[in-house]
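Chains as they are written, first to last, in my numbering: chain S, 620 to 955; chain L, 620 to 955; chain P, 620 to 955; chain W, 620 to 955.
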């Protein structure tokens with residue numbers, strides 16, 4: 620059986636996902652596309668999935684009987700509308716992060732999904748599909764290092780462009796840690812603190828860079844993360860779990876060890892797109908498989924909601940310098 | 620377009636390849652199977668590719684008009700027959716290593732393929748498809764470490780069973796290095812030496828283990844490889860290229876760095892099947908793609924022949940303790 | 620010229636220092652000892668420096684004309700008295716950490732030394748003499764990683780005994796980081812925060828373990844340190860400096876890389892005494908040399924005072940959960 | 620008690636040893652010096668040990684009643700004469716490598732020492748005093764990796780000057796491995812082979828560089844060593860012992876791990892003098908101590924003889940391309 624997919628949003632990430640779902644992965648085909656820029660949708664379809672129909676609106680695509688499942692890769696502010704419409708149409712929907720741009724919108728999606736009586740929504744947090752994080756979770760879950768107590772993490776980008784401003788270090792960058800670390804230790808956050816200090820001379824104008832974010836979980840795990848988006852030297856993702864009996868760390872990408880010019884070392888990635896590129900394949904392949912079986916096995920609407928609430932708390936913590944509590948609605952049994 | 624494949628040999632590796640070609644990879648389907656044990660072929664087909672026809676003989680499968688391309692995963696001594704028959708039928712054939720059990724048989728395949736006027740044969744040396752070796756080749760080819768001068772390699776297995784005897788350290792184990800190192804430095808071998816020494820107490824009865832093999836290439840590169848198939852500690856593949864300006868090494872599989880019980884370290888693989896498991900997917904996916912395009916992009920019949928000649932020389936070198944020249948027929952233009 | 624030294628306090632560390640100063644290092648000899656337990660002083664002298672005189676009191680030892688310089692390795696609460704007496708006698712004095720048990724006492728020493736008009740006091744913070752920290756300071760000072768922005772540190776002990784209680788994680792353990800990190804980044808602290816979380820099941824009764832301490836410096840460097848004194852796995856000291864252009868980390872002790880039993884790894888130290896044992900030699904050898912030349916080149920009374928004030932602030936921060944300012948008297952020109 | 624030492628040869632290494640023995644180490648003082656260039660001896664003494672007498676000849680220095688023990692750091696061809704004279708005078712003698720320039724001369728020293736009835740000679744193979752090799756020997760001797768079977772080694776220099784010619788790769792460079800590896804595995808060599816291949820473009824004129832040397836020991840251990848003295852990238856000493864149950868490797872010098880400019884790595888030493896500089900201190904300190912106690916605990920005249928015979932065999936193996944047996948006189952009981 621082949622899952623017939625409609626993709627809303629044919630920008631960069633949309634095109635990448637179309638490429639995966641139509642040709643690279645098994646069990647899926649892209650039958651319909653839409654974009655706010657219809658001409659772009661036509662050009663992309665022509666190039667990547669010429670047999671797909673181009674729909675005038677996202678709603679039309681969702682309603683099309685040929686579409687089994689929806690992928691939302693449009694502009695963030697439009698996510699809520701298309702996800703809600705997919706739920707209303709009873710169709711499985713894969714929505715790139717963020718699930719919606721506010722916690723309230725995420726909550727509306729959660730409530731709509733519960734009302735629909737069936738899980739339909741998956742959020743595009745791809746790190747859960749990274750082989751390294753999966754190995755690390757397996758070690759943590761095995762109990763080999765005892766209960767996790769502390770996590771030391773870093774999210775470093777070589778640089779960011781001028782339009783990367785304000786709280787994007789939280790909403791665009793740290794958001795990945797928010798989801799994956801909660802999944803890693805299987806625990807919820809209860810508070811957030813942001814510690815700002817000396818600013819790098821490479822940070823543009825108003826950008827605070829780097830800073831530390833400290834999250835605490837219900838069971839008391841303390842998670843510190845360095846967010847440094849102009850670190851110059853490479854795209855560098857670190858995660859060390861300190862448990863009662865030992866530590867376990869995220870493996871780094873395997874690269875060629877070299878000795879040259881008085882240095883022993885290896886190359887670091889400079890382009891973040893390469894770091895988790897395999898994860899996108901695994902993510903979508905598993906989504907296609909689970910969707911075909913009528914299940915949601917990846918990050919749920921609840922996870923998307925939890926990430927949004929946490930992100931809001933971090934932004935507030937950064938603004939105030941205070942330790943900000945993270946408060947959500949009670950977790951519905953629906954998601955247990 | 621979907622490549623319709625017939626698989627001869629439904630043993631362990633045959634079943635794995637059927638699983639890949641029928642369901643996991645894109646662009647291929649398994650339409651026919653055969654095995655010397657017909658009942659086994661039926662059971663395997665039932666389980667993995669129920670729509671495939673079961674042919675009474677390999678020849679019948681090859682001749683079947685529904686079969687576009689042939690995969691030979693039968694017992695080594697039968698390879699020559701099925702590869703020659705595929706060539707005779709004008710059908711692309713992927714043959715697991717060895718291409719044939721003697722250098723003479725390999726030469727007959729080479730000559731048949733040349734006579735057929737078109738490359739049809741690919742040999743299953745999967746290491747060329749390993750991400751690590753590919754990265755290493757890219758570094759070497761880039762000239763960043765200068766011309767390669769020496770290679771230090773190791774092929775270590777935790778242990779081998781009682782039926783692993785005689786020269787299998789060369790014919791079954793080192794054969795992988797023979798192919799991949801020649802590809803890595805893009806050079807041919809001219810001599811082989813085997814240096815035996817103290818035998819591990821873990822080596823059964825008559826098995827010489829470990830030993831060193833020294834190959835020399837036409838341009839003078841000296842390649843030493845430790846073959847140690849009862850090393851106990853793990854499945855461990857090493858390759859360091861020493862160039863005029865630096866060294867570059869095969870990356871090791873990315874695993875979780877841990878600190879525990881007074882040790883800082885990480886787990887080694889104990890099962891060789893896991894080390895190159897991804898390579899098989901890449902190998903067959905590229906073969907399917909190239910075959911669909913009417914090309915051979917992987918190890919050729921000539922490579923299979925060269926490996927067989929080299930393996931023979933190593934066996935002779937082990938028997939005599941001498942430095943044995945490696946002499947082949949001239950490389951036909953057909954393979955340039 | 621040989622420096623004639625009197626040692627007050629012949630307990631464990633006292634005996635080690637006597638061994639160094641009388642036989643292992645050059646340019647010094649131990650001519651006098653004293654201990655609150657006079658019999659112990661006699662036994663130790665007999666064994667390690669039989670020609671030394673045993674003095675009935677620390678004051679008598681300090682006053683003895685045969686003593687050129689004093690080493691104080693007695694019980695912490697007695698440090699202030701002996702250091703002040705040495706200053707009063709105009710004799711150079713090396714005092715093991717802490718300089719004194721309160722910030723006020725340290726301030727009295729600072730004032731006495733200034734009044735004496737000449738630097739005489741050195742405090743036993745030995746990490747500044749560790750080859751690794753020295754290499755790291757050299758890299759940081761070279762500007763190769765740009766201005767330091769963040770430090771990520773860890774101080775881990777396998778376990779601590781039952782009498783390790785209360786705030787000793789700060790006063791006995793973290794005190795080393797307090798001094799060495801201030802020296803490393805050549806900056807002063809302005810605030811401290813302690814973040815407690817989940818407690819290890821290996822922590823005895825009332826001990827909070829592990830926790831994070833966050834210091835901020837005048838220029839804005841944020842320093843987080845994990846203090847974990849029942850980490851089980853080893854004695855593990857970590858320090859990573861994140862600068863504007865790169866990171867640099869404390870090298871770990873060189874140990875034998877091994878592959879064994881499905882692990883690639885190396886042994887960690889379990890005994891803290893071994894980690895900095897070479898540093899004590901370097902520390903005292905440099906002190907003997909500098910003292911002979913009439914100089915103080917190591918941690919000064921001011922450094923001891925600053926450490927005491929910082930330690931107090933950390934204790935307060937742990938008690939209150941608040942970010943506590945670190946406020947000292949103005950730095951006297953005397954120490955510039 | 621202070622050992623009064625006479626040093627013959629006040630060139631570079633002589634000056635370094637005088638610095639150690641007269642001021643840096645404990646228990647020794649340099650009371651006499653000599654050099655073939657008497658003026659140089661005078662200048663060096665003036666600078667480093669002004670109270671030492673300058674003797675007109677090495678013999679006069681050896682005969683001087685004020686000299687307890689002799690250090691020979693003169694030109695290689697003069698070693699035999701001074702070592703024999705020291706033995707004749709019944710004085711302990713530390714001779715820099717080589718013990719003598721021919722195996723025959725070494726044998727004469729061995730015979731003279733036996734005739735004298737007491738061990739007096741130590742040869743300056745300093746690697747046995749390196750902390751890394753000592754750790755490695757401890758691991759090997761502990762049996763943790765089982766019986767050693769293979770050693771993979773490398774001796775790499777960034778570059779050598781124009782006067783480094785002919786067989787100096789063996790007689791000056793590999794000679795260190797010859798001694799330290801024999802000590803490491805506690806076994807004697809029985810054969811040598813040299814495998815030459817492609818020559819680096821950085822090798823001057825006639826120098827063969829790099830090459831592999833293969834030694835075999837009495838118990839069958841196979842030792843391969845890469846000698847590469849124009850490797851460009853750093854001074855790099857490698858040694859991996861492969862045992863029946865695992866591998867153990869020489870630790871590399873601890874240096875600062877850095878991330879910078881898209882590289883994760885650490886600096887390599889470029890200057891060989893720094894790699895074993897600490898070993899010289901340990902070597903001479905232990906020699907002073909043992910000599911004071913009337914013992915020889917370091918490399919003996921027999922070790923110097925064995926190294927010379929092995930070196931000769933390697934030179935012969937390089938000349939002929941053959942596997943050359945290593946044959947010595949029977950080991951006298953005197954050295955057991």
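Quick reminder that beta carbons are idealized off the backbone N, C-alpha and C, glycines included.
Measuring from the CB of residue 646 of chain P, is there a heavy atom of the ligand GDP at a distance below 7 Å?
Looking at this structure, you won't find the ligand GDP or any other ligand, since it has none at all.
Could you give the distance in angstroms between the alpha-carbon of residue 616 of chain S and the alpha-carbon of residue 692 of chain L?
Residue 616 of chain S cannot be examined here, being either before or after the span of chain S that is shown, 620 to 955.
On the CB-based measure, 16 or more other CB atoms within 10 Å of its CB, does residue 715 of chain S come out buried or exposed?
Counting from one through the first chain, the residue named residue 715 of chain S turns up at place 96. So residue 715 of chain S ends up on the buried side.
With a cut-off of 8 Å, does the C-beta of residue 880 of chain W fall near any C-beta of chain S?
As a first step, residue 880 of chain W is located in the fourth chain; it is residue number 261 there, counting from the start. With 8 Å as the cut-off, residue 880 of chain W counts as an interface residue toward chain S.
Per-residue DSSP class, three states only, for residue 765 of chain S:
Your numbering for residue 765 of chain S matches position 146 in the first chain. DSSP places residue 765 of chain S in coil when its eight states are reduced to three.
Among the candidates W/836, W/830 and W/947, whose CA atom is the shortest distance from the CA of residue 785 of chain W?
Counting from 1 along the fourth chain, the entry for residue 785 of chain W is found at position 166. Per the Cα distances, W/830.
The stretch 884-907 of chain L: positions lying closer than 7 Å to chain P by Cβ
884, 885, 886, 887 and 889
Taking 8 Å as the CB-CB cut-off, is residue 852 of chain L touching chain P?
What you label residue 852 of chain L is simply residue 233 of the second chain in a count that begins at 1. It does; some Cβ of chain P falls within 8 Å.
I'd like the ranges of any beta strand (DSSP E) spanning at least 3 consecutive residues and lying wholly in the stretch 716-787 of chain W.
740-743 and 767-775
Using a Cβ-Cβ distance cut-off of 8 Å, determine whether residue 855 of chain S contacts chain W.
Within the first chain, numbered from 1, the residue matching residue 855 of chain S stands at position 236. True, the Cβ-Cβ gap to chain W drops below 8 Å.
Tell me the residue span of the beta strand (DSSP E) that contains residue 623 of chain S.
Here residue 623 of chain S is taken as the residue at index 4 of the first chain, counted from 1. Residue 623 of chain S -> beta strand (DSSP E) spans 622-627.
Flag this pair as yes or no: are the beta carbons of residue 713 of chain W and residue 918 of chain W separated by less than 8 Å?
In the fourth chain, counting from the first residue as 1, residue 713 of chain W sits at position 94. In the fourth chain, counting from the first residue as 1, residue 918 of chain W sits at position 299. Going by C-beta atoms, residue 713 of chain W is not nearer than 8 Å to residue 918 of chain W.
Is it the case that the Cβ atoms of residue 888 of chain S and residue 876 of chain S are separated by a distance below 8 Å?
For this step, residue 888 of chain S is matched to residue 269 along the first chain. For this step, residue 876 of chain S is matched to residue 257 along the first chain. Not in contact: residue 888 of chain S and residue 876 of chain S (Cβ atoms no closer than 8 Å).
Among the candidates S/686, S/768 and S/781, whose CA atom is the shortest distance from the CA of residue 806 of chain S?
As a first step, residue 806 of chain S must be located in the first chain, where it is residue number 187. Cα-wise, what sits closest to residue 806 of chain S is S/768.
At a Cβ threshold of 8 Å, is residue 793 of chain S touching chain P?
Start at 1 with the first residue of the first chain, and residue 793 of chain S comes out as number 174. False, the Cβ-Cβ gap to chain P never drops below 8 Å.
Contact between the stretch 645-657 of chain L and the stretch 665-682 of chain L: three or more CB pairs below 8 Å?
yes
What residue range is occupied by the uninterrupted alpha helix (DSSP H) comprising residue 892 of chain L?
Numbered from 1 along the second chain, position 273 holds the residue referred to as residue 892 of chain L. Looking at the DSSP string, the run of the alpha helix (DSSP H) that includes residue 892 of chain L is 891-894.
Note the first and the last residue of the continuous alpha helix (DSSP H) segment covering residue 928 of chain P.
Start at 1 with the first residue of the third chain, and residue 928 of chain P comes out as number 309. Per DSSP, residue 928 of chain P belongs to the alpha helix (DSSP H) from 920-939.
Provide the residue span of the beta strand (DSSP E) that contains residue 942 of chain S, from first to last.
Numbered from 1 along the first chain, position 323 holds the residue referred to as residue 942 of chain S. Premise fails: residue 942 of chain S is in no beta strand (DSSP E) and is neither H nor E.
If we require 4 or more residues per run, which alpha helix (DSSP H) segments fall completely within the stretch 653-711 of chain P?
657-667, 677-682 and 698-707
What's the C-alpha gap between residue 802 of chain W and residue 825 of chain P?
In the fourth chain, the residue the question calls residue 802 of chain W occupies position 183. In the third chain, the residue the question calls residue 825 of chain P occupies position 206. If you take the alpha carbons of residue 802 of chain W and residue 825 of chain P, they lie about 52 Å apart.
Shortest alpha-carbon distance to residue 687 of chain S belongs to which of S/621, S/814, S/763 and S/915?
In the first chain, residue 687 of chain S corresponds to position 68, counting from 1. Measuring from the Cα of residue 687 of chain S, the nearest candidate turns out to be S/621.
Just to confirm my understanding: we take residue 822 of chain S, look at its own chain, exclude 5 residues before and 5 after, and list those with CB closer than 6 Å. What are they?
Your numbering for residue 822 of chain S matches position 203 in the first chain. Counting only Cβ-Cβ distances below 6 Å, and skipping sequence neighbours, we find 828 and 849.
Let me see if you follow: with CB-CB separation under 8 Å, is residue 620 of chain L close to chain S or not?
By one-based count along the second chain, residue 620 of chain L stands at place 1. No, residue 620 of chain L lies away from the interface with chain S (no Cβ there is under 8 Å from its Cβ).
Can you check which of these residues, W/722, W/702 and W/696, is closest to residue 930 of chain W by C-alpha distance?
The residue you call residue 930 of chain W lines up with position 311 of the fourth chain. Nearest option by C-alpha distance: W/722.
Cα separation between residue 705 of chain P and residue 698 of chain P?
One-based indexing of the third chain puts residue 705 of chain P at position 86. One-based indexing of the third chain puts residue 698 of chain P at position 79. Approximately 11 Å, taken between the alpha carbons.
With distances taken Cα to Cα, identify the nearest neighbour of residue 731 of chain L among L/702, L/914, L/794 and L/911.
As a first step, residue 731 of chain L is located in the second chain; it is residue number 112 there, counting from the start. Out of L/702, L/914, L/794 and L/911, L/702 has the C-alpha closest to the C-alpha of residue 731 of chain L.
Determine, using beta-carbon pairs with one atom in the stretch 894-911 of chain P and one in the stretch 738-754 of chain P, whether at least three such pairs fall under 8 Å.
yes
Taking only runs that begin and end inside the stretch 815-903 of chain L, name each unbroken beta strand (DSSP E) of 3 or more residues, in chain order.
830-836, 841-847, 855-862, 865-868, 877-879 and 882-886
May I ask you to list the residues that DSSP assigns as paired with residue 648 of chain P?
Within the third chain, the letter at position 29 stands for residue 648 of chain P. Beta-bridge pairing links residue 648 of chain P to P/623.
Confirm, please, whether the CB-CB distance from residue 766 of chain P to residue 863 of chain P is below 8 Å.
Along the third chain, read from residue 1 onward, the residue named residue 863 of chain P stands at position 244. Along the third chain, read from residue 1 onward, the residue named residue 766 of chain P stands at position 147. Result yes, Cβ atoms of residue 863 of chain P and residue 766 of chain P sit closer than 8 Å.
Range covered by the alpha helix (DSSP H) that runs through residue 789 of chain S:
In the first chain, the residue the question calls residue 789 of chain S occupies position 170. Note, residue 789 of chain S: premise wrong, no alpha helix (DSSP H); not H, not E.
Residue 717 of chain S: which of S/926, S/944, S/799 and S/834 sits nearest, CA to CA?
Start at 1 with the first residue of the first chain, and residue 717 of chain S comes out as number 98. Of the listed residues, the one whose Cα sits closest to residue 717 of chain S is S/926.
Less than 8 Å between the beta carbons of residue 634 of chain W and residue 662 of chain W, yes or no?
If you number the fourth chain from 1, residue 634 of chain W lands on position 15. If you number the fourth chain from 1, residue 662 of chain W lands on position 43. The answer is no: Cβ separation not under 8 Å.
According to DSSP, which residues form a beta bridge with residue 812 of chain P?
Start at 1 with the first residue of the third chain, and residue 812 of chain P comes out as number 193. According to DSSP, which records beta bridges pairwise, residue 812 of chain P is partnered with P/833.
Cross-chain neighbours of residue 829 of chain S in chain P, by beta carbon under 9 Å:
Mapped onto the first chain, residue 829 of chain S falls at position 210. Under the 9 Å cutoff, chain P gives 768, 769, 841 and 861.
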